[in-house]
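Throughout, the numbering used here is defined as the position within the sequence shown, counted from one, plus 7.
Even glycine gets a Cβ: it sits at the ideal position worked out from N, Cα and C.
Encoded as structure tokens, the structure appears first; notes follow it.
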Amino acid sequence: MCFLIVWFRRMNRSDKPFIQRLRSSVYSIIRSLPWVKRRVKADLERARREIEEEVHQCDQKRDFYKFLPEHPLNPEDILSEARQYAAMGERRYMEHYDPRSRTQDMTLCAKIYDLFSHSDPHRSDAFPGARKMEAEILRMALSMFHGGVEACGVVAGGGTEATLLACL
């Protein structure tokens with residue numbers, strides 16, 4: 008009896024509506040039943056296996072590097088590993104390209120990357136060419152969106168940086 012009184016008092020102190028609290032309590036009690044726990048655990052394990060299969064469908068070996076090697080690797084070994092990684096996935100994003108223009112585009116990108124891979128756009132005093140290229144990219148993008156003279160922007164490397172900058 009004491010348990011019910013304490014439980015009822017705790018239910019009344021919550022900010023949630025009584026019906027929602029009651030549903031939540033019943034749900035928790037049902038989830039704590041042994042056969043329900045086993046079923047939920049089995050479903051979660053099945054979902055985990057399905058996700059793992061889907062994520063690693065192109066990597067059947069599933070052999071991952073976990074530590075830096077003790078000795079330096081040969082550049083040929085590194086390139087061989089990189090080629091294996093590149094062959095794992097399908098390149099559907101490039102299907103609409105003409106193969107000749109794709110080769111030209113990739114060659115051009117490789118040359119430009121070779122020129123600027125060492126630069127740090129955040130240090131415009133040391134790499135003014137990268138700063139100028141960023142400014143030109145921004146102006147072209149702003150022109151496409153009819154940005155006026157006062158319009159501005161920033162180039163992000165992607166990922167979290169781009170997401171946070173978009174929120175500003």
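query = Are there 16 or more other CB atoms within 10 angstroms of the CB of serine 137, so buried, or fewer, so exposed?
reply = As a first step, residue 137 is located in the sequence shown; it is residue number 130 there, counting from the start. It is alanine, not serine, that sits at residue 137 in the sequence shown. Buried, by the Cβ-count rule.
ask   = In the structure shown, what three-state DSSP assignment does glutamine 91 receive?
value = Translated into the one-based positions of the sequence shown, residue 91 becomes position 84. Glutamine 91: helix per DSSP, three-state reduction.
key: Given leucine 122 as reference, the closest of Asp132, His129 and Met140 once Cα atoms are compared   = As a first step, residue 122 is located in the sequence shown; it is residue number 115 there, counting from the start. Ranking the options by Cα distance to leucine 122, first place goes to Met140.
query = With distances taken from CA atoms, which of Glu168, His153 and Leu145 is nearest cysteine 159?
reply = On the sequence shown, position 152 is the one that residue 159 refers to. For the residues Glu168, His153 and Leu145, the minimum Cα distance to cysteine 159 belongs to Leu145.
key: Residue-level contact to chain D via CB, serine 131, 7 Å cutoff   = Chain labels in this structure do not include chain D; a single protein chain is all it has.
query = Does DSSP put proline 79 in a helix, in a strand, or in coil?
reply = Start at 1 with the first residue of the sequence shown, and residue 79 comes out as number 72. In this structure, proline 79 counts as coil in the three-state DSSP scheme.
message = On the DSSP letters alone, give me the boundaries of the alpha helix (DSSP H) that tyrosine 34 sits inside.
response = The residue you call residue 34 lines up with position 27 of the sequence shown. Residues 25-38.
task = Taking 7 Å as the cut-off, decide whether the C-beta atoms of leucine 172 and alanine 163 are in contact.
result = The sequence position of residue 172 within the sequence shown is 165, counting from 1. The sequence position of residue 163 within the sequence shown is 156, counting from 1. In contact: leucine 172 and alanine 163 (Cβ atoms closer than 7 Å).
inquiry  = Within the continuous alpha helix (DSSP H) that includes alanine 173, where are the two ends?
reply    = Residue mapping note: residue 173 aligns to position 166 of the sequence shown, counting from 1. That run of the alpha helix (DSSP H) goes 166-174.
request  = Consult DSSP for methionine 8 and reduce its assignment to one of helix, strand or coil.
outcome  = Reading the sequence shown from its first residue, position 1 is the one you call residue 8. Here methionine 8 sits in coil by DSSP.
query = CB-CB under 7 Å to histidine 63, same chain, minus the five flanking residues each way: which ones, in chain order?
reply = Looking up residue 63 in the sequence shown gives position 56. Excluding sequence neighbours, histidine 63 sits near Arg69.
The ligand SAM heavy atom lying under 6 Å from the CB of proline 82 = This structure lacks the ligand SAM, and indeed carries no ligand of any kind.
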